[in-house]
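J.: Can you keep this structure in mind? I'll have questions shortly.
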Amino acid sequence: MAGAACVIAKDKGDSKAIEWVHSPESAEVALAQAKQKLRKLGYKYLFPQITTELEHAYVIIIKSNYKSARGWDRTTYGCGFSDKSYDEALWAAIRNLQSYAWGWKPDREGYKISDKKRY
């Protein structure tokens with residue numbers, strides 16, 4: 134049983150960093166390892182973004198910098214996994230980002246692929 138996890142470090146609602154980890158053991162182990170890595174970098178406020186129990190997957194992490202509805206500068210991340218393709222992983226990352234940044238729209242704010250891997 135293998136798995137992976139993405140964890141976000143935040144401060145006052147703004148995403149500061151993302152860490153994703155694959156573990157040959159489980160998603161739970163990957164989650165703990167991702168949190169540990171961010172803690173070592175000095176981040177205190179950590180939020181699990183997504184986990185998966187996929188043994189092998191395509192991984193896409195996207196990042197968007199935009200202004201919130203209140204005019205605040207924001208950074209947000211999306212993390213997507215797919216057992217089929219990078220395209221499916223990208224759509225999963227977009228949906229993941231939207232679920233945590235409700236006002237974000239990909240056609241208005243845009244995004245960049247910040248990581249693209251396969252495990």
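Under the working numbering, residues 134 to 252 are what the sequence shown spells out, in order. Ideal placement from N, C-alpha and C gives every residue a C-beta, glycine not left out.
1. Going straight from the alpha carbon of Lys149 to that of Met134, what length do you get?
2. CA-CA distance, Ile297 and Lys145?
3. Can you tell me which of Asp216, Arg251, Cys212 puts its alpha carbon nearest to the alpha carbon of Tyr244?
4. Could you give the DSSP three-state label for Ser201: helix, strand or coil?
5. Is Ser232 helix, strand or coil when you go by DSSP?
T.: In brief:
1. Taking the first residue of the sequence shown as position 1, residue 149 is located at position 16. Taking the first residue of the sequence shown as position 1, residue 134 is located at position 1. Distance between the alpha carbons of Lys149 and Met134: 31 Å.
2. Outside the shown range of the chain, which is 134 to 252, sits residue 297, and nothing can be said about it.
3. Position 111 of the sequence shown, counted from the first residue, corresponds to residue 244. The shortest C-alpha to C-alpha distance from Tyr244 to any of Asp216, Arg251, Cys212 is the one to Cys212.
4. By 1-based counting over the sequence shown, the position of residue 201 is 68. Correct three-state label for Ser201: coil.
5. Mapped onto the sequence shown, residue 232 falls at position 99. Note: Ser232 maps to helix in three-state DSSP.
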